[in-house]
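Down below is the structure, laid out as C-alpha cells.
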Amino acid sequence: MQLNVCQVAVAQRLYPFSAGVNRGQRIHLVGPNGAGKSSLLASLAGLLPAEGEIAFAGKPLGEWSGPLLSRHRAWLPQQQSPPAQMAVWHYLLMHDLHPQIKRQQRLLHFTDALQISDKLHRPLGQLSGGEWQRVRLAAVLYQLSQPEGELLLLDEPLTGLDIGQQAAFDRLLPELAERGITVIMSSHDLNHTLQHADCVWLMRPQQPALQGTPREVLTPEHLSALYKVPFRLLDVEGRPFLTTFS
C-alpha cells in the first residue's frame, strides 16, 4: 500500500479519517467548506501536525526528511502568492530536484500542455490568476516527473481554469497513473469528479467521510443530506450528471 492513513485528525478542523491508498489512483476529496479537505491534504503532505498515523511508502511520514520527501511527493496549496519579480522559467526550474540532468524537454511538455510556454520569460507578478495557477500546476508536475515521484497532492487545482484549460489538465493525469503516481485532489465540481475520479472521499463536518467509487458515494441521497439542497442524478448521453433543483 502506497499510503496508509489511520485516525488522522486536527482539532476543530478534521474529523478522524482513515484510508488506504494504492499506487496510481485518482482520488477526489469533495464536500462543503469547513469539512476538512485542506487540512487532510496538508497533513498528508507532512505540513500540518495532526493526531493519528500516516505511513507513506511503508515508512511513517514523520521519519521522512524534507528534501527526500520532496523527491517523492509534490504539494499544491490552495492559495500561494507569486514572487512578483521572478520569471516564470526561473520559478519552474526551482522545482527541478535533479538539476544536473538536462530535462528541459520534459518541462516544455508540461508548459505546452498547460498553454504557458509563451509566458516563460514573463515576471510572475504580471500573470493573471488563471495563468499563475497553470504555472503552479506545471511546477508540481515537473517536480514529480523525476524517477522517485509517486504522490501528487492538489488543493483545488481547477481554481481559475477555464473549460479548455481544465481539459488540458485532465489529459495530463492518465500519464501519471501509468507511472504509478497517485493523485489526491480536492474539488467542488461534483460532475468533474463523477467523470474523472477512481475513488471519492466525501468529507462531512464532524462525521466520518464516505469512501468509494463516484457512483457509490455521489448519490442524491448523500449529497442532499450533506449540502441541504435537493440533488438529482440524470443520464446525459449515457453519462451521469448531477444537478440541483428547487
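Following the working numbering, the numbering of the sequence shown begins with 2 at its first residue and continues without gaps. We put the CB at the ideal spot given by N, CA and C, even for glycine.
Could you tell me which residues DSSP puts in a beta bridge with residue i?
| i | result |
| --- | --- |
| M186 | H29 and L155 |
| K60 | F57 |
| G213 | V201 |
| F242 | L235 |
| E52 | A10 |
By the DSSP assignment, the alpha helix (DSSP H) with residue i in it spans what residues?
| i | result |
| --- | --- |
| R135 | G130 to Q144 |
| V22 | Where V22 is concerned, there is no enclosing alpha helix (DSSP H), although the beta strand (DSSP E) it sits in stretches over L15 to V22. |
| K229 | Neither: K229 is in no alpha helix (DSSP H) and is coded neither H nor E. |
| S71 | G67 to H73 |
| H110 | Q105 to A114 |
| S247 | Here S247 belongs to no alpha helix (DSSP H), and DSSP marks it neither H nor E. |
| A43 | K38 to L45 |
What three-state label does DSSP hand residue i in the structure shown?
| i | result |
| --- | --- |
| Q80 | coil |
| R180 | coil |
| E149 | coil |
| A88 | strand |
| G208 | The sequence given here places Gln at residue 208; Gly does not occur at that position. Of the three classes helix, strand and coil, the one that applies to Q208 here is strand, per DSSP. |
| P124 | strand |
| H223 | helix |
| G193 | In the sequence under discussion, the amino acid at residue 193 is His, which differs from the Gly named in the question. It is helical. |
| L173 | helix |
| L98 | coil |
| G161 | coil |
At which residues does the beta strand (DSSP E) containing residue i begin and terminate?
| i | result |
| --- | --- |
| V11 | L4 to V11 |
Give me the residue from the options with the minimum Cα distance to residue i.
| i | options | result |
| --- | --- | --- |
| V31 | F242, P206, L174 and H122 | P206 |
| Q86 | P124, Q134, L45 and A10 | P124 |
| Q79 | R137, Q196, F232 and D171 | R137 |
| Q144 | H110, H96, Q106 and A56 | H96 |
| A167 | E149, R135, L191 and E217 | It is worth fixing the name first, because residue 167 is Gln in this sequence and not Ala. Residue R135 is the option with its Cα nearest to Q167. |
| R216 | P231, V230 and H193 | H193 |
| L121 | L155, L142, L94 and L234 | L94 |
| G130 | P83, Q147, L227 and L42 | P83 |
| L70 | L211, L109, R233 and Q147 | Q147 |
| S118 | Q127, L108 and Q3 | L108 |
| E52 | P241, H99 and R14 | R14 |
| L142 | L98, L235 and H189 | L98 |
| V184 | Q208, W76, L195 and S247 | W76 |
| I55 | P17, I164, G239 and V201 | P17 |
| F242 | V230, L219 and F111 | L219 |
| G67 | A46, A58 and Q81 | A46 |
| G126 | A88, D190 and A20 | A88 |
| E149 | Q196, I182 and A139 | I182 |
| A20 | N5, P158 and L235 | N5 |
| A169 | F111, K38 and Q105 | F111 |
| P50 | L62, A58 and F57 | L62 |
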